[in-house]
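**Student:** So the sequence shown is numbered by the UniProt record's numbering: it starts at 1 and just counts up by one.
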Amino acid sequence: MATCRLMTNLTLDVHQLSNRRELVLADCRLTIDQLSVSSELSWSSVQRILTDLGMKRVAAKFVPRAPTDNYREHQVETYRTLKPQLESDPNFLSKIITGDETWCYGYDPETKQQSSQWKTPSSPVQRMSSSQVKHQKNADLIFLMSKALSIPSLLCL
1 MATCRLMTNL
11 TLDVHQLSNR
21 RELVLADCRL
31 TIDQLSVSSE
41 LSWSSVQRIL
51 TDLGMKRVAA
61 KFVPRAPTDN
71 YREHQVETYR
81 TLKPQLESDP
91 NFLSKIITGD
101 ETWCYGYDPE
111 TKQQSSQWKT
121 PSSPVQRMSS
131 SQVKHQKNAD
141 LIFLMSKALS
151 IPSLLCL
């Protein structure tokens, strides 16, 4: 008798969560705890239902930003411009002062588990975790010479 009751409850729970599948898909970052509170089901029931629906909790993969085609073309042109000077003057590299600017955004820290999301087998692999950007953005300007670091500055915007 208990088995029938469990099967009846499980069938009802699957139906309830199937109707609330939009809730899971609307915010894939909800945890089983949050889903169980919002659906008024036990933690193990929600876990079983998500498993039956084929959903898995996966963390997003971090992919470094790939250079654009314009950036690559600029690198090739710069190399072609500097190559003859490098071949004619062995001390050419020691005369170069280079500068770099990088934007550093302030992010709210997130663990890998906090950034994981629910996905179905047919949904695409998440490539970047999304974090909330704070209202702080810094521009770091650094100039490098062959012998020393020169003129570091930090701009807060």
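Note that CB positions come from ideal geometry on N, CA and C, so glycine has one too.
#1: By the three-class DSSP mapping on this structure, what secondary structure does Arg48 have?
#2: If contacts are defined as beta-carbon pairs under 8 Å, then Val58 and Ser116 qualify, I think. What distance do you get, rounded to the angstrom?
#3: Check for me: the alpha helix (DSSP H) holding Arg72 runs from which residue to which?
#4: According to the neighbour-count rule (16 or more other Cβ atoms, all chains shown, within 10 Å of its Cβ), is Trp43 buried or exposed?
#5: Quick check on Leu50: buried or exposed, where buried means 16 or more other Cβ atoms within 10 Å of its Cβ?
#6: May I ask which residues mark the beginning and end of the beta strand (DSSP E) holding Arg57?
#7: Apply the 10 Å Cβ neighbour rule to Val24 and answer buried if 16 or more other Cβ atoms are within range, or exposed otherwise.
#8: To the nearest angstrom, how far is the alpha carbon of Val76 from that of Thr31?
#9: To the nearest whole angstrom, what separates the beta carbons of Lys119 and Cys28, a pair I think is in contact under 8 Å?
#10: Using DSSP bridges, identify the partner residues of Thr31.
#11: Would you kindly check if the distance between the Cβ of Pro121 and the Cβ of Gly54 is under 7 Å?
**Tutor:** If we stick to the structure as given:
#1: The sequence position of residue 48 within the sequence shown is 48, counting from 1. Looking at Arg48 - three-state DSSP - the assignment turns out to be helix.
#2: Translated into positions along the sequence shown, residue 58 becomes position 58. Translated into positions along the sequence shown, residue 116 becomes position 116. With 8 Å as the limit, Val58 and Ser116 qualify as a contact, their Cβ atoms being about 6 Å apart.
#3: Taking the sequence shown and counting its residues from 1, one reaches residue 72 at position 72. Start and end: 69-88.
#4: The sequence position of residue 43 within the sequence shown is 43, counting from 1. Exposed: under 16 other Cβ atoms inside 10 Å.
#5: Counting from one through the sequence shown, the residue named residue 50 turns up at place 50. That one is buried.
#6: By one-based count along the sequence shown, residue 57 stands at place 57. Start and end: 56-58.
#7: As a first step, residue 24 is located in the sequence shown; it is residue number 24 there, counting from the start. Val24 is buried by the Cβ-count criterion.
#8: Within the sequence shown, the letter at position 76 stands for residue 76. Within the sequence shown, the letter at position 31 stands for residue 31. Straight-line Cα distance between these residues: approximately 48 Å.
#9: Within the sequence shown, numbered from 1, the residue matching residue 119 stands at position 119. Within the sequence shown, numbered from 1, the residue matching residue 28 stands at position 28. Lys119 to Cys28, Cβ: 7 Å. Contact.
#10: On the sequence shown, position 31 is the one that residue 31 refers to. According to DSSP, Thr31 bridges with nothing at all.
#11: Your numbering for residue 54 matches position 54 in the sequence shown. Your numbering for residue 121 matches position 121 in the sequence shown. Cβ distance < 7 Å, so Gly54 and Pro121 count as in contact.
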